Amino acid sequence: MKLSEHFQLDEFRCPCGCKLEQKPEIVAALKDLVVVLEDIRAEIGVPLVVHSGVRCPSWNRKCKGVPRSQHLLGKAADLVPKDKPVSELADLLRAKGVDLGVRGLGLYSRFVHTDIRSGRRATWRG
11 MKLSEHFQLD
21 EFRCPCGCKL
31 EQKPEIVAAL
41 KDLVVVLEDI
51 RAEIGVPLVV
61 HSGVRCPSWN
71 RKCKGVPRSQ
81 HLLGKAADLV
91 PKDKPVSELA
101 DLLRAKGVDL
111 GVRGLGLYSR
121 FVHTDIRSGR
131 RATWRG
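Residues in the sequence shown are numbered consecutively from 11, following the numbering used here.
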């Protein structure tokens, strides 16, 4: 299923195969998320690879995700820019993330976590 011009539902599937990403409420959240991801993609100028998308509670525990992870709700994606260093995406989102709709920003060496959580913004280093 196509979520937006550049993102497909399959890119966000839970690795365990539970198909949580197909639940209507998760699809709705992912559609909101990809609006932000499309803006990030346009800003950085290269495709974004989804390193991690939707996670069920079991998979979230297995990968040591936080108990209230936005990945559980379909509101988060860990991203890697194609053909650019992760640091360039991190720099862009530190500077413009709020303007692009990013509410949660996690900076890691291999990927950048982005989410559209409600409430207070959060930034951290992993």
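Glycine is no exception: its CB is placed at the ideal position from the N, C-alpha and C atoms. Only a predicted model underlies this, so the values are computations on that prediction, with no experimental measurement involved.
Within its chain, find whatever has a CB closer than 8 Å to the CB of residue i; leave out the 5 residues flanking it on each side and keep chain order.
{"i": "residue 80", "result": "86, 114, 125, 126 and 127"}
{"i": "residue 92", "result": "56, 57, 58 and 59"}
{"i": "residue 46", "result": "110, 111, 112, 124 and 126"}
{"i": "residue 100", "result": "117 and 122"}
{"i": "residue 49", "result": "110 and 111"}
{"i": "residue 96", "result": "90, 118, 119, 120, 121 and 122"}
How far does the beta strand (DSSP E) with residue i in it reach, from first residue to last?
{"i": "residue 34", "result": "Where residue 34 is concerned, there is no enclosing beta strand (DSSP E), although the alpha helix (DSSP H) it sits in stretches over 34–54."}
{"i": "residue 62", "result": "58–62"}
{"i": "residue 89", "result": "86–91"}
{"i": "residue 114", "result": "114–117"}
{"i": "residue 135", "result": "132–135"}
In this structure, does DSSP put residue i in helix, strand or coil?
{"i": "residue 96", "result": "helix"}
{"i": "residue 104", "result": "helix"}
{"i": "residue 16", "result": "coil"}
Short of 7 Å in beta carbon distance, which residues of its chain neighbour residue i, apart from the five on each side in sequence? Order them along the chain.
{"i": "residue 102", "result": "53 and 54"}
{"i": "residue 41", "result": "13"}
{"i": "residue 106", "result": "53"}
Does the beta-carbon of residue i, which I'm using as the reference point, lie nearer than 7 Å to any heavy atom of the ligand HEM?
{"i": "residue 43", "result": "Summarising the ligand content, the structure contains no ligands, and the ligand HEM is consequently not present."}
For residue i, report the span of its alpha helix (DSSP H) as first-last.
{"i": "residue 71", "result": "67–72"}
Since residue i and residue j are thought to touch, with beta carbons under 8 Å apart, how far apart are those beta carbons, to the nearest angstrom?
{"i": "residue 31", "j": "residue 23", "result": "5 Å"}
{"i": "residue 36", "j": "residue 76", "result": "In fact, because the Cβ distance is near 18 Å, the residues do not count as touching under 8 Å."}
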